[in-house]
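With the working numbering, the residue at position 110 of the sequence shown is 221, and numbering never jumps. Contents: one structure, followed by commentary.
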Amino acid sequence: MDESEKMQDSVRAVDRALEILLAFTPRDYELTVAELLKRVDLSRPTLYRLLYTLEQNRFLVSSGDPQRFRLGPAVAQLAHVWTASLDIGEVAQPMMRRVREATGETVALFVPEGMFRLCVAELESPQPLSFKRGVGYREKLIVGASGRAILAHTEHTAKDLKVYAKGLDVDLAKFPDELTRIRERGFAVSKDELLQGAVAVAAPFFDGAARVAGSIAIFGPSVRLPAAQVEKFGKLLAQEAAQLSKALGQSRSQIT
(Lines of atoms letter the chains of each structure in order from A; the text may use other names.)
(Lines give C-alpha, C1' and ligand atoms only; values in the text may rest on other atoms or scores of the structure.)
Protein backbone atom coordinates (compact mmCIF):
# COMPACT_ATOMS: atom_id res chain seq x y z
CA MET A 112 0.00 0.00 0.00
CA ASP A 113 1.44 3.38 -1.04
CA GLU A 114 1.31 6.61 1.02
CA SER A 115 -1.75 7.91 -0.83
CA GLU A 116 -3.76 4.78 -0.01
CA LYS A 117 -2.65 4.89 3.62
CA MET A 118 -3.80 8.50 3.89
CA GLN A 119 -7.19 7.66 2.35
CA ASP A 120 -7.62 4.81 4.84
CA SER A 121 -6.78 7.15 7.72
CA VAL A 122 -9.29 9.73 6.53
CA ARG A 123 -11.98 7.06 6.19
CA ALA A 124 -11.25 5.88 9.73
CA VAL A 125 -11.65 9.43 11.05
CA ASP A 126 -14.91 9.86 9.14
CA ARG A 127 -16.24 6.62 10.59
CA ALA A 128 -15.17 7.50 14.13
CA LEU A 129 -16.92 10.87 13.86
CA GLU A 130 -20.02 9.13 12.52
CA ILE A 131 -20.08 6.98 15.67
CA LEU A 132 -19.74 9.99 17.98
CA LEU A 133 -22.49 11.87 16.16
CA ALA A 134 -24.86 8.91 16.59
CA PHE A 135 -25.37 9.92 20.23
CA THR A 136 -28.09 12.44 21.10
CA PRO A 137 -29.46 13.95 24.34
CA ARG A 138 -32.28 11.38 24.18
CA ASP A 139 -30.07 8.46 23.22
CA TYR A 140 -26.97 9.14 25.26
CA GLU A 141 -26.29 5.41 25.81
CA LEU A 142 -26.20 2.98 22.90
CA THR A 143 -25.40 -0.71 22.52
CA VAL A 144 -23.41 -2.13 19.62
CA ALA A 145 -26.67 -3.38 18.07
CA GLU A 146 -28.18 0.10 18.28
CA LEU A 147 -25.06 1.70 16.82
CA LEU A 148 -25.09 -0.73 13.89
CA LYS A 149 -28.53 0.63 12.96
CA ARG A 150 -27.19 4.19 12.91
CA VAL A 151 -23.81 3.83 11.22
CA ASP A 152 -22.95 2.06 7.97
CA LEU A 153 -20.18 -0.13 9.33
CA SER A 154 -19.48 -3.84 9.65
CA ARG A 155 -19.53 -5.25 13.16
CA PRO A 156 -15.70 -5.90 13.23
CA THR A 157 -14.94 -2.36 12.02
CA LEU A 158 -17.34 -0.89 14.56
CA TYR A 159 -15.72 -2.85 17.39
CA ARG A 160 -12.23 -1.68 16.36
CA LEU A 161 -13.30 1.95 16.27
CA LEU A 162 -15.18 1.67 19.56
CA TYR A 163 -12.05 0.25 21.19
CA THR A 164 -9.92 3.12 19.82
CA LEU A 165 -12.43 5.77 20.91
CA GLU A 166 -12.67 4.26 24.37
CA GLN A 167 -8.88 4.06 24.73
CA ASN A 168 -8.71 7.77 23.94
CA ARG A 169 -11.53 8.63 26.40
CA PHE A 170 -14.00 9.76 23.72
CA LEU A 171 -16.31 6.91 24.81
CA VAL A 172 -16.87 4.97 28.02
CA SER A 173 -18.81 1.74 28.41
CA SER A 174 -20.47 -0.31 31.12
CA GLY A 175 -23.08 -3.01 31.71
CA ASP A 176 -24.07 -6.24 30.04
CA PRO A 177 -24.93 -5.90 27.23
CA GLN A 178 -22.21 -3.30 26.91
CA ARG A 179 -23.58 0.23 26.57
CA PHE A 180 -21.47 3.11 25.30
CA ARG A 181 -21.77 6.81 26.07
CA LEU A 182 -19.67 9.89 25.34
CA GLY A 183 -16.57 10.19 27.49
CA PRO A 184 -14.53 12.90 29.25
CA ALA A 185 -12.51 13.80 26.15
CA VAL A 186 -15.74 15.01 24.52
CA ALA A 187 -16.57 17.02 27.64
CA GLN A 188 -13.12 18.62 27.49
CA LEU A 189 -13.64 19.68 23.87
CA ALA A 190 -17.15 20.93 24.67
CA HIS A 191 -15.76 23.04 27.51
CA VAL A 192 -13.16 24.61 25.23
CA TRP A 193 -15.78 25.28 22.54
CA THR A 194 -18.27 26.79 25.00
CA ALA A 195 -15.63 29.00 26.60
CA SER A 196 -14.73 30.46 23.21
CA LEU A 197 -18.34 30.85 22.02
CA ASP A 198 -19.70 34.32 21.31
CA ILE A 199 -23.29 33.93 20.12
CA GLY A 200 -23.38 37.48 18.81
CA GLU A 201 -20.34 36.77 16.65
CA VAL A 202 -21.59 33.37 15.49
CA ALA A 203 -24.91 34.94 14.46
CA GLN A 204 -23.40 37.72 12.34
CA PRO A 205 -23.69 35.92 8.95
CA MET A 206 -27.36 35.09 9.62
CA MET A 207 -28.13 38.59 10.86
CA ARG A 208 -26.47 40.19 7.82
CA ARG A 209 -28.45 37.99 5.43
CA VAL A 210 -31.69 38.91 7.19
CA ARG A 211 -30.93 42.63 7.08
CA GLU A 212 -29.96 42.42 3.41
CA ALA A 213 -33.20 40.59 2.56
CA THR A 214 -35.54 42.73 4.69
CA GLY A 215 -33.91 46.14 4.95
CA GLU A 216 -35.03 46.27 8.59
CA THR A 217 -33.20 46.37 11.92
CA VAL A 218 -32.10 42.89 13.02
CA ALA A 219 -31.48 42.01 16.68
CA LEU A 220 -30.36 38.96 18.61
CA PHE A 221 -31.77 38.16 22.06
CA VAL A 222 -30.83 35.61 24.72
CA PRO A 223 -32.94 34.59 27.74
CA GLU A 224 -32.04 35.95 31.17
CA GLY A 225 -34.48 34.51 33.71
CA MET A 226 -37.89 36.05 33.01
CA PHE A 227 -36.23 38.61 30.72
CA ARG A 228 -34.50 38.62 27.36
CA LEU A 229 -31.35 40.62 26.63
CA CYS A 230 -30.26 42.12 23.31
CA VAL A 231 -26.69 40.97 22.66
CA ALA A 232 -26.27 42.06 19.03
CA GLU A 233 -28.01 44.42 16.62
CA LEU A 234 -27.65 45.54 13.01
CA GLU A 235 -29.50 48.77 12.34
CA SER A 236 -31.72 49.33 9.32
CA PRO A 237 -30.19 51.67 6.71
CA GLN A 238 -33.60 53.26 6.09
CA PRO A 239 -34.43 56.72 7.52
CA LEU A 240 -37.64 55.47 9.18
CA SER A 241 -36.62 52.56 11.39
CA PHE A 242 -36.72 51.18 14.92
CA LYS A 243 -33.93 49.87 17.09
CA ARG A 244 -33.41 48.58 20.63
CA GLY A 245 -29.67 48.66 21.12
CA VAL A 246 -27.29 46.14 22.64
CA GLY A 247 -28.05 45.83 26.35
CA TYR A 248 -31.79 46.42 25.96
CA ARG A 249 -33.67 44.20 28.45
CA GLU A 250 -37.37 43.38 28.56
CA LYS A 251 -39.65 40.68 29.97
CA LEU A 252 -40.12 37.55 27.87
CA ILE A 253 -43.89 37.82 28.04
CA VAL A 254 -44.07 40.98 25.91
CA GLY A 255 -42.97 41.46 22.31
CA ALA A 256 -42.28 38.96 19.54
CA SER A 257 -38.62 38.44 20.44
CA GLY A 258 -39.61 37.50 23.99
CA ARG A 259 -42.54 35.26 23.17
CA ALA A 260 -40.53 33.39 20.51
CA ILE A 261 -38.31 32.28 23.39
CA LEU A 262 -41.09 31.80 25.95
CA ALA A 263 -43.02 29.49 23.60
CA HIS A 264 -40.19 26.95 23.91
CA THR A 265 -39.54 27.14 27.66
CA GLU A 266 -41.09 25.15 30.49
CA HIS A 267 -43.36 27.32 32.62
CA THR A 268 -46.53 27.10 34.69
CA ALA A 269 -49.59 29.33 34.86
CA LYS A 270 -48.13 30.69 38.09
CA ASP A 271 -44.89 31.57 36.30
CA LEU A 272 -46.82 33.49 33.65
CA LYS A 273 -48.63 35.50 36.34
CA VAL A 274 -45.26 36.47 37.81
CA TYR A 275 -43.92 37.39 34.36
CA ALA A 276 -47.02 39.49 33.60
CA LYS A 277 -47.11 41.38 36.90
CA GLY A 278 -47.59 45.09 36.26
CA LEU A 279 -48.23 44.56 32.53
CA ASP A 280 -51.40 44.70 30.46
CA VAL A 281 -51.33 41.09 29.27
CA ASP A 282 -54.36 38.84 28.63
CA LEU A 283 -53.15 35.58 30.16
CA ALA A 284 -56.35 33.74 29.21
CA LYS A 285 -55.31 33.84 25.54
CA PHE A 286 -51.64 33.31 26.17
CA PRO A 287 -51.36 29.48 25.98
CA ASP A 288 -53.07 29.46 22.58
CA GLU A 289 -50.75 32.19 21.30
CA LEU A 290 -47.65 30.27 22.41
CA THR A 291 -48.99 27.16 20.67
CA ARG A 292 -49.46 29.14 17.44
CA ILE A 293 -45.90 30.42 17.69
CA ARG A 294 -44.55 26.88 18.02
CA GLU A 295 -46.65 25.68 15.09
CA ARG A 296 -45.82 28.64 12.83
CA GLY A 297 -42.14 28.82 13.77
CA PHE A 298 -42.08 32.55 14.54
CA ALA A 299 -43.80 35.21 16.65
CA VAL A 300 -45.28 38.57 15.63
CA SER A 301 -46.16 41.69 17.62
CA LYS A 302 -47.70 44.96 16.41
CA ASP A 303 -47.88 48.31 18.24
CA GLU A 304 -47.01 46.49 21.47
CA LEU A 305 -43.87 48.13 22.80
CA LEU A 306 -43.60 50.92 20.23
CA GLN A 307 -46.57 52.52 18.48
CA GLY A 308 -46.39 51.97 14.74
CA ALA A 309 -43.78 49.22 15.02
CA VAL A 310 -43.96 45.59 13.94
CA ALA A 311 -41.63 42.90 15.27
CA VAL A 312 -41.12 39.40 13.90
CA ALA A 313 -38.90 36.85 15.70
CA ALA A 314 -37.89 33.19 15.46
CA PRO A 315 -36.24 31.06 18.16
CA PHE A 316 -32.86 29.35 17.89
CA PHE A 317 -31.60 26.39 19.92
CA ASP A 318 -28.38 25.00 21.38
CA GLY A 319 -26.80 21.58 21.04
CA ALA A 320 -29.05 20.16 23.76
CA ALA A 321 -32.15 21.31 21.84
CA ARG A 322 -32.89 23.99 24.46
CA VAL A 323 -34.06 27.39 23.30
CA ALA A 324 -31.01 29.69 23.34
CA GLY A 325 -32.61 32.93 22.17
CA SER A 326 -34.37 34.60 19.26
CA ILE A 327 -33.45 36.51 16.13
CA ALA A 328 -35.82 39.36 15.31
CA ILE A 329 -36.53 42.21 12.94
CA PHE A 330 -38.18 45.54 13.79
CA GLY A 331 -39.80 47.86 11.28
CA PRO A 332 -42.63 50.33 10.73
CA SER A 333 -46.08 48.90 9.99
CA VAL A 334 -46.22 50.80 6.68
CA ARG A 335 -43.43 48.55 5.36
CA LEU A 336 -44.60 45.35 7.05
CA PRO A 337 -48.11 44.34 5.93
CA ALA A 338 -49.38 40.82 6.65
CA ALA A 339 -47.91 39.25 3.49
CA GLN A 340 -44.48 40.71 4.19
CA VAL A 341 -44.61 39.61 7.82
CA GLU A 342 -45.32 36.03 6.71
CA LYS A 343 -42.45 36.12 4.22
CA PHE A 344 -39.98 37.57 6.69
CA GLY A 345 -41.14 35.19 9.43
CA LYS A 346 -40.26 32.20 7.27
CA LEU A 347 -36.90 33.77 6.42
CA LEU A 348 -36.14 34.31 10.13
CA ALA A 349 -37.08 30.70 10.88
CA GLN A 350 -34.65 29.49 8.19
CA GLU A 351 -31.80 31.64 9.46
CA ALA A 352 -32.58 30.69 13.07
CA ALA A 353 -32.24 27.04 12.03
CA GLN A 354 -28.82 27.82 10.56
CA LEU A 355 -27.81 29.50 13.80
CA SER A 356 -29.05 26.50 15.80
CA LYS A 357 -26.89 24.27 13.61
CA ALA A 358 -23.88 26.53 14.24
CA LEU A 359 -24.53 26.21 17.98
CA GLY A 360 -24.42 22.43 17.82
CA GLN A 361 -27.96 21.30 17.10
CA SER A 362 -27.92 18.09 15.07
CA ARG A 363 -30.19 17.32 12.13
CA SER A 364 -32.08 14.74 14.18
CA GLN A 365 -33.04 17.45 16.70
CA ILE A 366 -34.51 19.78 14.08
CA THR A 367 -38.19 19.09 13.54
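For every residue, glycine included, the Cβ atom is placed at its ideal position computed from N, Cα and C.
Residue i by DSSP, collapsed to three states: which one?
i      : result
Ala209 : Here the sequence assigns Arg to residue 209, which means Ala is not the residue at that position. Reduced to three states, the DSSP call for Arg209 is helix.
Leu306 : coil
Glu295 : helix
Gly255 : coil
Pro177 : coil
Leu262 : helix
Val202 : helix
Gly345 : helix
Val281 : coil
Pro184 : helix
Ser356 : helix
Ala170 : Per the sequence shown, residue 170 should be read as Phe rather than Ala. DSSP places Phe170 in coil when its eight states are reduced to three.
Glu141 : coil
Leu336 : coil
Thr367 : Low confidence applies to Thr367: its pLDDT is 46, below 50, so where it sits in the model is not reliable enough to give any reading.
Pro223 : strand
Val300 : strand
Gln119 : helix
Val125 : helix
Following the continuous alpha helix (DSSP H) through residue i, name the residue where it begins and the one where it ends.
i      : result
Thr157 : Arg155 to Gln167
Lys251 : From DSSP, Lys251 is part of no alpha helix (DSSP H) but of the beta strand (DSSP E) over Arg249 to Lys251.
Would you kindly check if the distance between the Cβ of residue j and the Cβ of residue i is under 7 Å?
i      : j      : result
Phe344 : Phe242 : no
Gly319 : Gly360 : yes
Arg249 : Leu234 : no
Arg294 : Ala263 : yes
Ala134 : Leu148 : no
Ala128 : Leu161 : yes
Lys302 : Val310 : yes
Ala358 : Val202 : yes
Ile253 : Val281 : yes
Ala338 : Ala314 : no
Phe316 : Leu347 : no
Glu130 : Val151 : yes
Tyr140 : Arg169 : no
Pro137 : Leu240 : no
Report the CB separation of residue i from residue j in whole angstroms; it is logged as a contact under 8 Å.
i      : j      : result
Pro237 : Gly215 : 7 Å
Leu132 : Arg179 : Contact doesn't hold; Cβ gap of about 15 Å is too wide.
Gly247 : Leu220 : About 12 Å separates the two Cβ atoms, so there is no contact after all.
Thr265 : Val323 : 6 Å
Val300 : Val341 : 6 Å
Met226 : Val218 : Their Cβ separation, rounded to whole angstroms, is 24 Å, which puts Met226 and Val218 out of contact at 8 Å.
State the start and end residues of the unbroken beta strand (DSSP E) segment that holds residue i.
i      : result
Arg228 : Phe227 to Leu234
Arg244 : Segment: none, Arg244 is in no beta strand (DSSP E) and carries neither H nor E.
Val274 : That residue, Val274, is in no beta strand (DSSP E); its alpha helix (DSSP H) goes Ala269 to Ala276.
Leu133 : Where Leu133 is concerned, there is no enclosing beta strand (DSSP E), given that its DSSP letter is neither H nor E.
Val323 : Val323 to Pro332
Ala145 : Counting along the chain, Ala145 falls outside any beta strand (DSSP E), though it belongs to the alpha helix (DSSP H) covering Val144 to Arg150.
Ala320 : Per DSSP, Ala320 belongs to no beta strand (DSSP E) and is neither H nor E.
For chain C, is any of its Cβ atoms less than 7 Å away from the one on residue i?
i      : result
Val334 : Absent from the structure is chain C; it holds one protein chain and no more.
Is any heavy atom in the ligand GTP found nearer than 6 Å to the beta carbon of residue i?
i      : result
Arg181 : Ligands are entirely absent from the displayed structure, and the ligand GTP is therefore not among its contents.
Should the region 321-328 be called in touch with the region 268-282, which here means at least 3 C-beta pairs below 8 Å? Verdict: no, contact absent.
State whether the region 284-292 contacts the region 259-271, with contact taken as three or more CB pairs (one from each stretch) at a distance under 8 Å. Taking 8 Å as the limit for Cβ pairs, the verdict is that the region 259-271 does touch the region 284-292.
Would you call the region 209-226 in contact with the region 183-191, where contact means no fewer than 3 C-beta pairs closer than 8 Å? Contact fails: fewer than three Cβ-Cβ distances are below 8 Å.
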